[in-house]
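To start, the structure under review is shown below, and the notes come after it.
In our numbering, the protein residues as written are 161 to 661.
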């Protein structure tokens, strides 16, 4: 499991380390690791043209010392000083190694092989000022490999927020520990490939984590020798309508693939027929439809049979009898997953979420904005803080879907999912995820664990289905339909479980 840290935690760790080490030792370690990665990226260092963008303070110092090491290996290294007080020792080291200092307009940018972004470090807040902002704009048209020092300039290292211009890096070499902003959008979209270089920081456990395959394998439920369809968990799925039959089919399929012993689908006849035809394993209960093809009576849903958890909302509709269905399911003493239309309904009924049993809500940014009475742009710009705020205010676990999926629990624990691919931005993808997470809850996982495990596997399924290796680059894969996720799900789980075998 990877821990993500705030700027304050990193600063405290650095201060503790510097108190134990000779002056400059920590920066020397960082510069050595940075230079080594630059050598790998360049391949042939001798004669390579390297530009350092240098701000004030230690971040610029890291870039200067790394540039000096590259210059000693024969690279032509030039620094552009964008701060009023560049690191004195680093600047002297660069010049001693044969590096030079010039201005941005003197650089022959088409001939540059690599750019080191050392403009602003982890303490940067708010939009970049000039001339840093102009240099960030300049890099948009540069073909050279861009390497960010610790964090791309303009990205808030603690949150991932981007207030204005920012550097888009191909690689970010970060020191000591993973910074939160490198894995949370929009900052994550600018960080490129994030590589952690250990400089010997001693940091406490963090409440913000990112699962890896070993963690997921340990959390995944596995049947015992005496397992039956009942002991493996029964999940109730209440999704779809006469108009949105796909939501019913996909959510039921997600629940099946995620391993529940029994999936009990409850819906109107037209949607129920589609589920029967696609998934004969599902136990289907038809309930009466109203004139618009939605569930007519909430009482019919609760008569369907015993379940260990409910997952509901997608394709349900927001008018007529749907609010009564949502309220009735929330009034049960069972764990519930609330998605899509049900979240929209809850925008005017936060009090319905005041319940003792576990609750996981799975909104995308638009649904979340309606629920919390804010703008979608604000949510997308501050994903981490909004997810945490909603979990605290509503008293439920929040899975905020998007380019970075964030899972926040009322107890303060937060998880960031790193497996998603942009190919998952397709109709029905969220329906699969709701069925998966509901199934995991029926098998005994807490809402927090169900959300973070479900998001990890869902992202991996997107990558498997697209055939692309690079999460951030959709040019390496092929378009994915939601049903494709179900087709590869068993392969994903086998691959994850094999990691810890």
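Don't be surprised by glycine CBs; every beta carbon is placed ideally from N, CA and C.
Proximity test, Cβ basis, 7 angstroms: residue i and chain D
i	result
residue 268	This model lacks chain D altogether, as it is built from one protein chain only.
Beta strand (DSSP E) segment containing residue i, residue limits
i	result
residue 396	394-398
residue 581	Looking at the DSSP string, residue 581 is not in any beta strand (DSSP E), and its letter there is neither H nor E.
residue 164	162-165
residue 214	209-214
residue 368	368-370
residue 446	443-446
residue 469	469-472
residue 355	353-357
residue 326	From DSSP, residue 326 is part of no beta strand (DSSP E); its letter is neither H nor E.
residue 293	Segment 292-298 is the alpha helix (DSSP H) holding residue 293; no beta strand (DSSP E) there.
residue 137	The displayed coordinates of the chain run from 161 to 661. Any statement about residue 137 would go beyond what the structure contains.
Whole-number beta carbon distance between residue j and residue i, since they are thought to touch under 8 angstroms
i	j	result
residue 471	residue 595	6 angstroms
residue 254	residue 278	Not confirmed; about 11 angstroms, so no contact.
residue 377	residue 660	4 angstroms
residue 197	residue 355	6 angstroms
residue 163	residue 337	7 angstroms
residue 665	residue 591	Nothing can be reported for residue 665: it is not among the residues displayed for the chain, which extend from 161 to 661.
residue 530	residue 565	Contact flag wrong, Cβ pair sits at about 19 angstroms.
residue 191	residue 222	5 angstroms
residue 557	residue 575	Not confirmed; about 10 angstroms, so no contact.
residue 642	residue 586	6 angstroms
residue 421	residue 392	3 angstroms
Inter-residue spacing [alpha-carbon to alpha-carbon] between residue i and residue j
i	j	result
residue 579	residue 606	21 angstroms
residue 244	residue 216	6 angstroms
residue 468	residue 520	14 angstroms
residue 617	residue 263	48 angstroms
residue 486	residue 532	18 angstroms
residue 544	residue 232	42 angstroms
residue 225	residue 186	12 angstroms
residue 614	residue 209	45 angstroms
residue 320	residue 343	7 angstroms
residue 326	residue 283	14 angstroms
residue 177	residue 317	20 angstroms
residue 452	residue 402	8 angstroms
residue 173	residue 461	54 angstroms
residue 358	residue 645	36 angstroms
residue 441	residue 475	21 angstroms
residue 346	residue 332	15 angstroms
residue 362	residue 431	55 angstroms
residue 648	residue 188	46 angstroms
residue 603	residue 322	39 angstroms
residue 653	residue 620	9 angstroms
residue 443	residue 548	37 angstroms
residue 270	residue 397	57 angstroms
residue 296	residue 290	10 angstroms
Residue burial classification, residue i (beta-carbon count within 10 angstroms, cutoff 16)
i	result
residue 540	buried
residue 488	buried
residue 463	exposed
residue 425	buried
residue 182	exposed
residue 389	exposed
residue 382	exposed
residue 509	exposed
residue 623	buried
residue 353	exposed
residue 522	buried
residue 423	buried
Extent of the continuous alpha helix (DSSP H) run through residue i
i	result
residue 543	543-554
residue 464	Per DSSP, residue 464 belongs to no alpha helix (DSSP H) and is neither H nor E.
residue 485	482-490
residue 525	525-532
residue 506	501-506
Run through the region 375-429 for me and flag every whole beta strand (DSSP E) of 3 or more residues, listed as ranges in chain order. 394-398, 422-427
I'd like the ranges of any alpha helix (DSSP H) spanning at least 4 consecutive residues and lying wholly in the region 226-284. 248-256
Enumerate, from N- to C-terminal direction, the unbroken alpha helix (DSSP H) stretches of 4 or more residues contained entirely within the region 179-204. 185-202
Run through the region 584-648 for me and flag every whole alpha helix (DSSP H) of 4 or more residues, listed as ranges in chain order. 589-602, 607-626
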